[in-house]
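Data block below; observations after.
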Amino acid sequence: MLSNTAHSSADGLKIVHVELGGRIVGGPQQVIYLVDALAQRGCVNVLAVAAGGPLGRRFAEAGYRVRELDWKGDTDLSLLPNLLKIIRQEQPDIVHLHAGPGAALGGLAARLAGVPCVLSRR
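Be aware that the sequence shown starts at 106, since it is given in the numbering used here, and climbs by one per residue.
Below is the structure:
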């Protein structure tokens, strides 16, 4: 994986990616490929991931900014204020929701923060 620590938000889009998958298979693996390709093009990527999972560790080891969410499953409504806080702190150009858990609450958080979002469904 490539590191994006040398980039600043002036170099390109700043994107907060929301991926709450617990394992690195399928969709989460596609997020890795996407984030690496975006970093090569000058985008600044911030990953909002489930706390303690392998995806967060993998991105952190590669030098990406990782924001862990203490998420307890599909019915955990605390995800909304926690994501809203992250989005407001990070001030991204866009929020990219990577389907699955958190898509609806992530979309609402982005809207409340006034940040455009996109949802990728796999």
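Just so you know, even glycine gets a beta-carbon here, dropped at the ideal spot from N, CA and C.
In three-state terms, what does DSSP make of residue i?
i	result
LEU217	helix
LEU174	strand
ALA155	strand
LEU160	helix
LEU185	helix
LEU224	strand
LEU202	strand
What does a CB cutoff of less than 8 Å around residue i pick up in its chain, not counting 5 residues either side in sequence?
i	result
ALA156	GLU173, LEU174, ASP175, TRP176
How would you label residue i, buried or exposed, when you count the other beta carbons within 10 angstroms and need 16 or more for buried?
i	result
LEU190	Checking the sequence, you will find Lys at residue 190 rather than Leu. LYS190 should be labelled exposed.
ALA142	exposed
PRO221	exposed
TYR281	The question about residue 281 has no answer, for the chain in this structure spans 106 to 227.
GLY234	The structure shown does not extend to residue 234, since the chain is modelled only from 106 to 227, so the question has no answer here.
GLU124	buried
LEU202	buried
VAL200	buried
VAL223	exposed
Ignore the nearest five residues each way along the sequence and tell me which others in residue i's own chain have a CB closer than 6 Å to its CB.
i	result
LEU210	LEU184, LEU185
HIS195	Checking the sequence, you will find Glu at residue 195 rather than His. Here the set comprises VAL121, VAL151.
GLY161	VAL154, VAL171, GLU173
Output needed for residue i: all residues of its chain with C-beta closer than 7 Å, excluding positions within five of it in sequence on either side, in chain order.
i	result
ALA214	LEU185, LEU188, LEU189, ILE192
GLY205	LEU125, GLY126, GLY132
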